[in-house]
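Each number in the numbering used here corresponds to the 1-based position in the sequence shown with 45 added.
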Amino acid sequence: MLFYKIYKSLPAKFLLWSCFIGMVLLSACKPNKAGEGVFKLLPADKTGLNFVNVNTVSDSVNILDYLYFYNGAGVAAADFNNDGLQDLYFVSNQGSDKLYLNKGNLKFEDITAKAGVAGTGNWKTGVTVVDINGDGLKDIYVSVVSGYKGFKGKNQLYINNGDLTFTESAAKYGLDFAGFSTQVSFFDYDKDGDLDMFLLTSSVHSNDTYGDSTLRFKYSHDAGDHLFRNDNGHFTDVTAKSGIYSAPIGYGLGLSVGDLNNDGWDDIYVSNDFFEQDYYYINQHDGTFKEQLKSAFGHTSLFSMGNTISDINKDGHLDVLTTDMLPEDLKALRSTINDEPLDIYNQEVNAGYYYQYSKNCLQLNVGNGNKFVDMGLYSGVSATDWTWSPLVQDFDMDGRKDMFFSNGIKKRLNDMDYLKYLGNPDVMREYKASRVFDKDKINMMPDGAVHNFFYHGDDLLKFTDASFNNDMQKPSISAGSVAVDLDNDGDLEIVTNNMDEQAYIYNNTTMEGSGKDKPAYLKYAVKYTKANPDGIGTKFFLKSGKQLDHQEIQTSNAYASNLSNELLFTFLPNDKPEELLVVWPDNSWQLVRDFKPGTKTVMKFDSAQTQSTGDVSSVINTFISNKQPFDYTPVQAKLLARLKPFDTPDFNYYSLLPHTYLPHTPAVAVADVNGDGIDDIYVGGFAGEEKYLLVGDKNGGYTKVVVPQFNQVKDYGDGQAVWADVNNDGKPDLLVISTNHPFQESDKLLPSRLYINKGNFQFEYKALPKIVNQTAKIAVFDFNGDGRSDVLLTGSISYTNYTAPRPSTILINKGNGNFEVSHDKQYNDITAIQYVTDIVTADVDHNGKPDLVITAEWQPIQLFLNDGKTLNKFSSPVLDNQKGWWQSVMVADVDGDGKADLVAGNWGTNNKYNVSPEQPLYAYNDDLDKDGKNDLILSYCVKGLYYPFRPKNDLEQELPYLKKEWLSYQKMADKTTAEIFKGKLDEENRLAANQFSSIFVSDVLHATKFEVLPYQYQQAPIRSIMRANNKAGDLLLNGNFWGVVPYEGKYDALGLVGLHYDKNKKQFSAPGYMVNAAFNFQELPYISTIKRAMSTNYLIVTYDGRLMLVTP
46 MLFYKIYKSL
56 PAKFLLWSCF
66 IGMVLLSACK
76 PNKAGEGVFK
86 LLPADKTGLN
96 FVNVNTVSDS
106 VNILDYLYFY
116 NGAGVAAADF
126 NNDGLQDLYF
136 VSNQGSDKLY
146 LNKGNLKFED
156 ITAKAGVAGT
166 GNWKTGVTVV
176 DINGDGLKDI
186 YVSVVSGYKG
196 FKGKNQLYIN
206 NGDLTFTESA
216 AKYGLDFAGF
226 STQVSFFDYD
236 KDGDLDMFLL
246 TSSVHSNDTY
256 GDSTLRFKYS
266 HDAGDHLFRN
276 DNGHFTDVTA
286 KSGIYSAPIG
296 YGLGLSVGDL
306 NNDGWDDIYV
316 SNDFFEQDYY
326 YINQHDGTFK
336 EQLKSAFGHT
346 SLFSMGNTIS
356 DINKDGHLDV
366 LTTDMLPEDL
376 KALRSTINDE
386 PLDIYNQEVN
396 AGYYYQYSKN
406 CLQLNVGNGN
416 KFVDMGLYSG
426 VSATDWTWSP
436 LVQDFDMDGR
446 KDMFFSNGIK
456 KRLNDMDYLK
466 YLGNPDVMRE
476 YKASRVFDKD
486 KINMMPDGAV
496 HNFFYHGDDL
506 LKFTDASFNN
516 DMQKPSISAG
526 SVAVDLDNDG
536 DLEIVTNNMD
546 EQAYIYNNTT
556 MEGSGKDKPA
566 YLKYAVKYTK
576 ANPDGIGTKF
586 FLKSGKQLDH
596 QEIQTSNAYA
606 SNLSNELLFT
616 FLPNDKPEEL
626 LVVWPDNSWQ
636 LVRDFKPGTK
646 TVMKFDSAQT
656 QSTGDVSSVI
666 NTFISNKQPF
676 DYTPVQAKLL
686 ARLKPFDTPD
696 FNYYSLLPHT
706 YLPHTPAVAV
716 ADVNGDGIDD
726 IYVGGFAGEE
736 KYLLVGDKNG
746 GYTKVVVPQF
756 NQVKDYGDGQ
766 AVWADVNNDG
776 KPDLLVISTN
786 HPFQESDKLL
796 PSRLYINKGN
806 FQFEYKALPK
816 IVNQTAKIAV
826 FDFNGDGRSD
836 VLLTGSISYT
846 NYTAPRPSTI
856 LINKGNGNFE
866 VSHDKQYNDI
876 TAIQYVTDIV
886 TADVDHNGKP
896 DLVITAEWQP
906 IQLFLNDGKT
916 LNKFSSPVLD
926 NQKGWWQSVM
936 VADVDGDGKA
946 DLVAGNWGTN
956 NKYNVSPEQP
966 LYAYNDDLDK
976 DGKNDLILSY
986 CVKGLYYPFR
996 PKNDLEQELP
1006 YLKKEWLSYQ
1016 KMADKTTAEI
1026 FKGKLDEENR
1036 LAANQFSSIF
1046 VSDVLHATKF
1056 EVLPYQYQQA
1066 PIRSIMRANN
1076 KAGDLLLNGN
1086 FWGVVPYEGK
1096 YDALGLVGLH
1106 YDKNKKQFSA
1116 PGYMVNAAFN
1126 FQELPYISTI
1136 KRAMSTNYLI
1146 VTYDGRLMLV
1156 TP
């Protein structure tokens, strides 16, 4: 409630930050390499482009009154006089919009006065260019904010008269909307041949915006988005029955349209600021849309701003890039508020809002529109500061897509020190008394100008920051942006609309700097029908020898800006175009095989040259099928039962843990309990929950069987369970780890349990020997070679002393279900391993005896070879120095050479830790505040120096003395770990992890090197590895992990994915994603194959407690 009380007491975006920080404080070929620049910023006195979006502060209109006062405005590029040169239109929030005529040679003339397009209204935002009346002339649509804080005006449509004058005609077309407009996009969503319009709006904080996510279904004319259908030249608002949300909580800042599932119909992506999720609208082919963000995206940006849709990796599928405000500069990062505290985050998720994190998100389309995975951290583009417009094009024309991000805010509203100042009761009383702050108080906010970013596209979806080499070192406040060829030389310039500074033109020198060896390219524009002259919605799939690029003619892009209707295709060295599939707006299609590189082609629609089909999706997917860097398989998932998760996060016990360790869902285990050839399921529960069996039958169904013995100790919780025949009677018995409170005294620990299978679903309960350490995992192995299954119980971490020894325990099987603790020192190398994550048995050395392989965090992978008498630790020159956060392992002959290979799942590289052999992650565990307990500090490397991984607010929860020692966030923000803790850290006994990549080791016993798995497998921790249920001998990897704080962001960019090794090519093939909305992005704490009457399937448990049967 405090959150909303503060909201109501103060206006504007600035006040959102105030309440947000209040909760935080209270809750505690060529040619151009990455280093070579292609852009040159042109001075305004050379171009004649002197437009400035002047931001004028007054007592009635300022950041305290209007939350988007610093957002800036859009820009558009189009050929308004059909002279073959692209002209520019700039929106001014408060002043006169400007139209500049391109005179050639990058010279421009201001013709606004003559054209009559200066615009009206107190606050203008976005611009879109479209030939609305089919006369072959480009018209201009400007979005206006009205009906708030005295803002007046309506959206304006300027019809091009053909003589460089325009007539405002919005009312004539039914497009004179009055409300909180941001931007529009024109497209033919219903395939009736004419252009319709989607209107994006951005709400303000009012009484209508406080509540749970059901507000999404409440209608708001002014603040909600709208869909307008073109009815014979007049537009009708059809929002109510379209499936489009028109709610008071939509804070829309980005709008893009494109065919995201390759079915020939245009879909919509909306990025929303603040707590509301982004919207992903899938076209239903019947005049309606279905919002499907939660089923197709694992998370989104938190403060989503601009977005763009582009085929970033050139695989024929459109991807989505959204921007946020995560600073790249460490001082800015540490002194501003970004992600929410865990408790606030959980409250919002429980209220129906979605998972959101403050970072740019590069959402790669890996499931034909049904699954997108965010690879932004891996790719290196997640942190570009206060970012408005993302542009994705091959700017340096080397065949790989590059990225541009426009940046800056006039004042940093989220500065922690400033927000702390606002939390001062005296300041609040002054505000409530006067209802106005003077300019001095506004000016206390730090300046937020930031340089624009340019990222050079490399191989494997990596991007390298090349901003400074591209004349982008100057701080600015750049908002709307467009990529366009202004000088007709083939490469693309970048134009930005700047606040309080002249607009930028970055001249692209790629072509002029290439001499005679100019890069090959193709450029396309379209002429379609009178109702849609520019062919908006036309889709191009250009196949070359090495790539396949999907581009479309659309109208809106980035932030509040338009998208050029000319498409540029480029090629890798020694590559050339082979075939072009063009899908026209009516879903007819044609193939083109005749190309003229280095020229612009205007493709004209000719029905005689096209083919019609009722299934254009099949045409598209057949065309792109052999160029995909991955595969995907829709699978079925059937719910069998619901389990009650353990919802208390580990961070409540100790807030500085790297991640959670306690089981989130109760134990599940699979075995053929009754010997009928069909697997049955043990369904465990936490304390107080029922434990039972699901017994499989010959019809493929399951029957619940309550076993009294399982509930003899109902107050015991189940952490992990395994079936094993411990008494060698041919029937599987059940071993269960009992859960304990992390702070439970050792003499009161609940023992693990054994249930002896007596047949006919009758069991005899036996308590296993009590041990003095908390237990994390259980494994069964015959340690002493007597033919009986012994038990390994691994030690859990200590929540009061993270690095304190918690040795594992081996229980020796004495027969008849009796076990005793082993004190044999020969097992010390095994029991001493801490932070154990996985234990597997396999005959690695092919001597007929099972060996042991153990993975752990902060440790190398360790192999123990069984010679029949002892287990001998194997020293591997490949593995011994690779200390990771290893999560899983599998031993199998992957490459078919008859020798044991190893596949190991690690934490992955799609994260903020920056781990490499040269810059390990460190963990210090020392009593820093002299309170008698150790404090855990993770320290990571940034540009060669080490800093605490967790921000000041988090550190202060466990180390309150830091509040006094570092009164200012700014003063502590750029201080290294050593500077903050001043010699208090024990360097000799720190933990280190120098390898986070998941790997493959061929012939592990004789290997001299390892191979990093393909980058798609590095996107999340691989929690388990198993043999896939197919004849090819593939492996199935189970990736994703949710047990982290919001600042780190849950890992959801992998899921269930097949790993196939091509023995002929001697390399791993494209990943095979299993796609199903029920578990696309879930962490799966448990997965197993399960034999049914007619087939073998997979049994999974999702993070939210659903026990499901998965059928490929």
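Cβ atoms here follow ideal geometry from the backbone N, Cα and C, with glycine treated the same way.
Note that this is a predicted model, so its numbers are computed, not measured.
Asked, Found
"Check whether A682 and A1077 have beta carbons under 7 angstroms apart", "no"
"Limits of the beta strand (DSSP E) - the one that Q131 falls within", "Neither: Q131 is in no beta strand (DSSP E) and is coded neither H nor E."
"F84 and D516 closer than 7 angstroms at C-beta", "yes"
"C-beta atoms of S226 and G297 nearer than 7 angstroms", "no"
"Sub-7 angstroms separation of G953 and Q819 beta-carbons", "no"
"Given F96 as reference, the closest of G238, K1136 and S523 once Cα atoms are compared", "S523"
"Whole-angstrom distance between G129 and T646, CA atom to CA atom", "13 angstroms"
"Spatial neighbours of Y991 in its chain, beta-carbon cut-off 8 angstroms, leaving aside the 5 residues before and after", "Y967, S984, Y985, T1021, T1022 and A1023"
"Identity of the residues DSSP links to Q654 by a beta bridge", "Its beta-bridge partners do not exist; DSSP assigns none."
"Boundaries (first-last residue) of the beta strand (DSSP E) holding A716", "V713 to A716"
"Nearest-angstrom Cβ-Cβ length linking A1037 and P965, presumed shorter than 8 angstroms", "5 angstroms"
"Pair within 7 angstroms by beta-carbon distance, N1085 and Y1096", "yes"
"Cβ-Cβ separation, S380 to Q1015 (assumed contact under 8 angstroms), whole Å", "5 angstroms"
"Option in F826, L366, T367 and L973 with minimal Cα separation from L780", "F826"
"Presumed contact (8 angstroms Cβ cut-off) between F731 and F696, rounded CB distance", "Not a contact, Cβ separation roughly 18 angstroms."
"Contact between the stretch 610-621 and the stretch 431-446 (3+ Cβ pairs under 8 angstroms)", "yes"
"Run of the beta strand (DSSP E) containing K997, from where it starts to where it stops", "Looking at the DSSP string, K997 is not in any beta strand (DSSP E); the run it does join, the alpha helix (DSSP H), is K997 to E1003."
"Own chain, CB closer than 7 angstroms to V472, minus 5 neighbours either side, in chain order", "Y466"
"For K1008, the three-state DSSP class (helix, strand or coil)", "helix"
"Contact the stretch 915-933 vs the stretch 870-881: 3+ CB pairs below 8 angstroms", "yes"
"Beta-ladder partner(s) of V948, from DSSP", "M935 and F1045"
"Terminal residues of the alpha helix (DSSP H) in which A215 lies", "A215 to Y218"
"Candidates K1111, F231, L1099 and L1152, of which the one nearest G343 by Cα", "L1099"
"P895 versus D676 - alpha carbon distance", "35 angstroms"
"Residue burial classification, F59 (beta-carbon count within 10 angstroms, cutoff 16)", "In this prediction, F59 has a pLDDT of 43, which is less than 50 and means its spatial position is unreliable; nothing more can be read from the coordinates."
"Reference L86, options K975, V628, Y549 and L1050, closest by Cα", "Y549"
"Residue range of the alpha helix (DSSP H) that includes S853", "Note, S853: premise wrong, no alpha helix (DSSP H); not H, not E."
"Assigned secondary structure, L1152 (DSSP; H/G/I helix, E/B strand, else coil)", "strand"
"Nearest residue (CA-CA) to W310, options Q907, A901, V628 and A494", "V628"
"Residue(s) in a DSSP beta bridge with T541", "S526 and Y549"
"Pair within 7 angstroms by beta-carbon distance, L305 and G414", "yes"
"At least 3 beta-carbon pairs within less than 8 angstroms: the stretch 380-400 vs the stretch 445-455", "no"
"N666 - DSSP class collapsed to helix/strand/coil", "helix"
"Range of the contiguous beta strand (DSSP E) that encloses F1026", "Taken as a continuous stretch (DSSP letters only), F1026 belongs to no beta strand (DSSP E), being part of the alpha helix (DSSP H) at T1022 to F1026."
"Range of the contiguous beta strand (DSSP E) that encloses L422", "L422 -> not in any beta strand (DSSP E); alpha helix (DSSP H) instead, spanning G421 to S424."
"C-beta contact flag for N951 and W931 at 7 angstroms", "yes"
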